[in-house]
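Participant: Below is one structure. I have some questions about it.
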Amino acid sequence: MNLLIALFVSLTLEPFQPYAAAGTNVPEDIMKLHRQAIVFDAHCDTAMRLVGDAPIDLGERHADGHIDLPRALDGGLDAQIFAVWVSPQMPESLATERARAMIDALGEQARKNSGRMEIALRGADVRRIVKEGKLAAIVGIEGGHLIGEDLDALGDYYARGARCMTLTWMNTNRWADASDDTATWGGLTEFGKSVVREMDRLGMIVDCAHVSEKTFFDVLATTKSPVLISHSCMRALTDIPRNVSDDVLRGVRKNGGVVCVNFFPGFLDKAYNDRVTVLWAEYRARANELAPQYGGDAGKAWHSLEGEFEKRIAEIPPVPLSRLIDHIDHAVKVAGIDHVGLGSDFDGISTCPVGLEDVSKLPLITEELVKRGYSDKDIRKILGGNLLRLVEKTMR
Ligand SMILES: [Zn+2]
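Under our numbering, the sequence shown has 330 at position 330, and the numbering climbs by one with no breaks.
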């Protein structure tokens with residue numbers, strides 16, 4: 001602090017609070033609003049970085065990736081649902097082992113950084129943990145394929161601390177249809193409905209991101225709890241199956257749930273998505289062609305092309321931050337101000353909107369919302385108030 005500022009602060013008789021975020025030029029009054037709000041993000045894939053060959057420590061600041069505790073503090077993030085995702089292509093027993101390792105790793109991070117992070121097991125924990133100045137972490141399972149067709153497996157994840165499950169990932173599993181895959185069951189099977197009822201009974205958040213529209217409405221007809229859509233964008237603005245329709249938004253409103261907007265440029269913008277899709281197809285084909293050189297391992301072949309692929313992705317004209325706010329606006333218009341939140345998908349997406357490169361830049365969203373004329377009260381709802389309400393109702 002320089003001398004003039006110190007003098008000014010002493011004259012205002014207010015305790016000095018450093019609201020300015022590192023790396024953003026967000027004005028102090030907006031930073032104050034942002035810091036005082038509970039900022040709660042509904043989805044990230046950071047848990048993937050905690051396992052494998054080179055696991056990271058969340059307590060350290062990293063130059064790559066999107067979330068760690070120092071940058072979460074810079075960005076004013078208070079609470080986060082950490083997804084535990086394992087590829088549906090992995091054999092079931094290995095997948096279970098990996099999912100458990102990811103849950104353990106999250107717990108280990110919370111122990112290691114106990115002054116800065118804690119796993120929330122009940123809704124009431126979140127507010128308490130945030131008050132203590134720590135990041136409240138909720139463990140979520142991404143993809144019902146991880147429980148196979150076994151309610152005990154669901155109970156096992158619950159016992160290990162999971163409090164949320166995304167019913168499908170991109171794949172239709174044995175009991176629920178996904179938006180990006182074949183509609184095999186016409187929504188939820190009878191077993192799928194029993195999964196939802198069991199989640200209600202246990203006090204787990206039912207997450208409908210990735211599910212087909214029919215699955216979503218089957219969930220609404222089955223659950224007694226407010227549902228979450230943790231990381232999806234608006235189909236009215238980007239017409240792809242992965243995004244949610246206005247019918248779904250109206251369903252969320254009626255159910256009292258919350259839809260959380262994904263930051264991925266491809267979901268925010270159709271032109272961007274088309275270019276990414278073409279590149280994906282091109283590089284997948286090339287990986288397959290190269291596979292024989294890697295002993296038939298297409299994954300290894302893909303890895304050899306990854307750097308080049310990322311360069312090509314970076315050549316696509318980026319999507320402005322205002323586009324993310326457009327999706328929030330639309331969700332607010334159709335679902336209502338009490339039913340919208342943030343679902344970054346950080347560490348699960350390859351690129352971000354301009355300026356929003358990692359969690360430390362979250363205050364830029366608050367600044368944009370102020371520019372669009374949202375009241376402080378409504379901004380607090382979008383930043384996390386709505387999601388907190390849902391979590392307090394479901395995680396009993
Ligand atoms: Zn996802």
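We put the beta carbon where it would ideally sit given N, CA and C, even for glycine.
Can you give me the Cβ contacts of L167 inside the same chain, cut-off strictly under 6 Å, excluding the 5 residues immediately before and after it?
Facilitator: Cβ within range, chain order: G144, A176, V211.
Participant: What residues in its chain sit with their C-beta under 6 Å from that of E392, if we drop five residues either side in the sequence?
Facilitator: Correct list, in chain order: G123.
Participant: With H, G and I counted as helix, E and B as strand and the rest as coil, what does DSSP make of G186?
Facilitator: Coil at G186, not helix or strand.
Participant: Buried or exposed for K377, going by 16 or more other Cβ atoms inside 10 Å?
Facilitator: Flag for K377 reads exposed.
Participant: Would you call the region 311 to 326 in contact with the region 37 to 50, where contact means no fewer than 3 C-beta pairs closer than 8 Å?
Facilitator: Cβ pair count under 8 Å is below three, so no.
Participant: Which residues bound the beta strand (DSSP E) around E118?
Facilitator: It spans 117 to 119 - the beta strand (DSSP E) in which E118 sits, taken as one unbroken run.
Participant: Out of curiosity, what's the CA-to-CA distance linking D274 and D239?
Facilitator: Taking the straight line from one Cα to the other gives about 11 Å.
Participant: Excluding five sequence neighbours on each side, which residues of the same chain lie with their C-beta closer than 7 Å to the C-beta of T277?
Facilitator: So no residue of the chain qualifies.
Participant: Give me, in chain order, the residues of the same chain whose beta-carbon lies closer than 7 Å to that of K355; leave out the 5 immediate sequence neighbours on both sides.
Facilitator: Per the sequence shown, residue 355 should be read as Gly rather than Lys. Closer than 7 Å at Cβ, skipping near neighbours: L321, K361, L364.
Participant: What does a CB cutoff of less than 7 Å around A95 pick up in its chain, not counting 5 residues either side in sequence?
Facilitator: Same-chain partners within the cutoff: V86, L146.
Participant: Specify whether the region 213 to 232 and the region 333 to 348 touch according to this definition: at least 3 beta carbon pairs, one from each stretch, less than 8 Å apart.
Facilitator: Judged by Cβ distances under 8 Å, the region 213 to 232 makes contact with the region 333 to 348, as three or more pairs qualify.
Participant: Output the boundary residues of the alpha helix (DSSP H) element that contains S93.
Facilitator: Note, S93: alpha helix (DSSP H), 92 to 112.
Participant: Could you work out which residue in R98, V130, L135, E97 is closest to Q109 when comparing CA atoms only?
Facilitator: Among R98, V130, L135, E97, the Cα nearest to that of Q109 is on L135.
Participant: Roughly how many angstroms lie between the CA atoms of G155 and M170, to the nearest whole one?
Facilitator: If I take the Cα positions, the gap works out to 23 Å.
Participant: Counting C-beta neighbours from all protein chains within 10 Å, is the total for W185 16 or more, i.e. buried, or is it exposed?
Facilitator: Buried, because 16 or more other Cβ atoms sit within 10 Å of the Cβ of W185.
Participant: Ordered along the chain, which non-local residues of its own chain (more than five positions away) have a Cβ less than 7 Å from that of K300?
Facilitator: For K300, where only same-chain residues beyond five positions count, the Cβ hits under 7 Å are Y294.
Participant: How long is the line joining the alpha carbons of F16 and E28, rounded to whole angstroms?
Facilitator: Any answer about F16 is weak, because its pLDDT of 40 lies below 50 and its placement is not dependable; what the coordinates show is given next. Each residue's Cα considered, the two are about 12 Å apart.
Participant: What is the C-beta distance between V252 and G341, in whole angstroms, given that I count them as a contact (C-beta under 8 Å)?
Facilitator: Actually they are not in contact, since the Cβ atoms of V252 and G341 sit about 11 Å apart, beyond 8 Å.
Participant: So, helix, strand or coil for G76, using DSSP?
Facilitator: The answer is coil: DSSP assigns G76 none of H, G, I, E or B.
Participant: Taking the alpha carbon of H303 as the point to measure from, which residue in I316, P318, R286 has its own alpha carbon closest?
Facilitator: It is R286.
Participant: Between T223 and the rest of its own chain, which residues show a CB-CB distance below 7 Å, the 5 nearest in sequence each way excluded?
Facilitator: So the list reads V196, D200, V206, once near-sequence residues are dropped.
Participant: Considering just the uninterrupted stretch of the alpha helix (DSSP H) at E282, what are its terminal residues?
Facilitator: From DSSP, the alpha helix (DSSP H) with E282 extends over 270 to 290.
Participant: What does the Cβ neighbour count give for S93, buried or exposed, with the cut at 16 atoms within 10 Å?
Facilitator: The residue in question, S93, is exposed, as its Cβ has fewer than 16 Cβ neighbours within 10 Å.
Participant: Roughly how many angstroms separate the alpha carbons of A21 and R61, rounded to a whole number?
Facilitator: The pLDDT assigned to A21 is 48, lower than 50, so where the model puts this residue is not dependable; a value taken from the coordinates is nonetheless given after this. Near 15 Å, if we compare the C-alpha coordinates of R61 and A21.
Participant: Quick check: the Cα distance between K270 and A314, rounded to an integer number of angstroms?
Facilitator: Cα to Cα, the separation comes out at about 16 Å.
Participant: In this structure, does DSSP put T366 in helix, strand or coil?
Facilitator: Three-state result, T366: helix.
Participant: Using only alpha-carbon positions, find the residue among M31, H339, I119 that is nearest to I138.
Facilitator: With distances taken between Cα atoms, I138 lies closest to I119.
Participant: Terminal residues of the continuous alpha helix (DSSP H) containing S304?
Facilitator: Its alpha helix (DSSP H) spans residues 298 to 314.
Participant: DSSP state of F191, grouped into three classes?
Facilitator: Three-state result, F191: helix.
Participant: Quick one: what's E142 bridged to in DSSP?
Facilitator: E142 is bridged to W85, T166.
Participant: Determine the extent of the alpha helix (DSSP H) in which A42 is found, giving its start and end residues.
Facilitator: Unbroken run through A42 is the beta strand (DSSP E), 40 to 44; no alpha helix (DSSP H).
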